[in-house]
Structure formats: structure tokens, C-alpha cells
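When you line the sequence shown up against the working numbering, it's residues 446 to 644, in that order.
Every residue gets a Cβ at the ideal spot worked out from N, C-alpha and C, and that includes glycine.
As the structure is a prediction and not an experimental result, all values here were calculated from the model.
A quick write-up on the structure given underneath.
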Amino acid sequence: PYSDKSEDVETSSDEPYGNKNTKTKKSETTDNPPSRDERFDIQYIIQSLNHLTLDTTSPLERVYSIDILGNEIHGFNLLQIKKLVPQPKHPSWIDAEFGRKLLFLKLELKDQHDQYYLIDIHKNKSHEAFCAFIIVSPHKLTREQIKNICIELENAKGIKKWTLRCESFTKKIISIKHSSATPDEWKNRFKNLFSTLIN
């Protein structure tokens, strides 16, 4: 049903999680780390960020979802980008039925003038291996800039090169590969990252 003929190999981390040729070795110990279940990635990200807002040693004060205007919305809803990409180059990346959703969060860090955002691309297909991105901008993102981010994400099919097209209105974009298996692992990872950003 799609006009493009591209193969479905897009990832944001530039690496698939694995393939049928990947060999795994059994651990020699019984004290194994928790295995990661990618189905819970977005849930764990939200949970870990909420916990950080309660941590007095964390720079994160607030976290919330935003709409296409950049305004705060109730709950942690995913942003549907289908309507924001009027002429997609890769229609298979934006599914005809499900579209393509982003977790688009505003992060408020203590005593910071810059604006901080976190986006995470919701997976439509099992082979996709997406990562999150921290966006640092000198100003609050406008509707047009949020739209441009969505268009560039679609143009690049989520691969990290989309960030190059958004340099005019951002100071920094940091990719975060999905590798944490628990909310606590995500929490520690974000806490260290935020501390680095403000120092």
C-alpha cells in the first residue's frame, strides 16, 4: 500500500538489537543482570524521570508532555506526527493506519536558561531499534520547529542524521541508546546526563 520501495531497515541507534545470527553465551554465574524488555522502554523512561523530580540531588524539577504547539498537556500522551508531515518521503515509516508517535517531553532543570526536551520514537515494527534524544535549545520550541523536527525525523527514517537539519534552532542534540533494563538504570543514567549538561 506504500509508494516507496525502501527496505525496512531504519534504526535510530544505527544498530539493530540483533539478528538470527547473533550468538549468546550463557553466564557462568547465577547473579545475572536483569534482561531488557524493550516493550517497557517508554514506560520506564517516564517512570524514571518522574522519580528524578522527587530526588533532591537531581537537577530535574519537572517533566511533562507537550502538544504540537509546545504547550504542556495533561498526562504522558504520545505525539502523533502523521499530520505534521504533509508529504512524507518514506510513507512506510509513517504507517498508513497507525501513523508514527513520539514521546515528546519538556524537561525543566534547576537554574537553567536553556530549554530541554526529550523525544523517543515509538516503534511500529519489531526490527526497529530506536534511541531517545535530548534536545537543548536556547528558546522554547515553536510549533514550526516541532513540525520541522517531525519532518526531518521522517526524512531520515529516525536515523541520527536528522539532527543536522535542526541545528539552526538547537544548541545540542544528544542521542541516548536504549540499553537500560530497569527504571533505576534509566534513572541513574538520566541523572548523570543532566548533571553533565548543567556543569
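- Within the model, the alpha-carbon separation for His567 versus Ile539 is close to 11 Å.
- Of all C-beta pairs linking the region 577-586 to the region 617-624, three or more are shorter than 8 Å, placing the two stretches in contact.
- Of Lys534, Thr587, Lys528 and Ile511, the smallest CA-CA separation from Glu542 is found for Lys528.
- By the criterion of a C-beta distance shorter than 6 Å, His496 is surrounded in its chain by Lys632, once the five residues flanking it on both sides are discounted.
- According to DSSP, Val508 shares a beta bridge with Leu552.
- For Ile513 against Arg588, the beta-carbon gap comes to about 6 Å, under 8 Å, which counts as contact.
- Rounded to the nearest angstrom, the gap between the Cα atoms of His558 and Ile596 is 27 Å.
- The DSSP-derived three-state label of Ile539 is coil.
- Distance from Ile526 to Leu547 at the Cβ level is roughly 6 Å; contact confirmed, criterion being Cβ atoms closer than 8 Å.
- Excluding its 5 nearest sequence neighbours in each direction, Leu554 has C-beta neighbours in its own chain below 8 Å: Pro504, Leu505, Glu506, Tyr561, Phe639, Leu642 and Ile643, listed in chain order.
- Apart from sequence neighbours up to five positions away, the residues of its chain that approach Pro628 with a beta-carbon distance below 8 Å are Tyr489, Gln492, Ser493 and His496, ordered along the chain.
- Ranked by Cα distance from Ser480, the first of Lys636, Phe635, Asn637 and Glu630 is Glu630.
- Leu609 sits in a helix when the DSSP states are folded into three classes.
- Linking Ile594 to Leu550 through their CA atoms gives a straight-line distance of about 14 Å.
- Exposure of Arg484 is indicated by the presence of fewer than 16 other C-beta atoms within 10 angstroms of its C-beta.
- From the listed residues Asn600, Phe614 and Thr615, the smallest Cα separation to Pro536 is found for Asn600.
- Sixteen is the threshold: when 16 or more other Cβ atoms of the shown chains lie within 10 Å of the Cβ of Pro533, as they do, the residue is buried.
- Spanning the alpha carbons of Leu499 and Tyr509 requires a straight line of approximately 14 Å.
- In the structure shown, the three-state DSSP call for Ser620 is strand.
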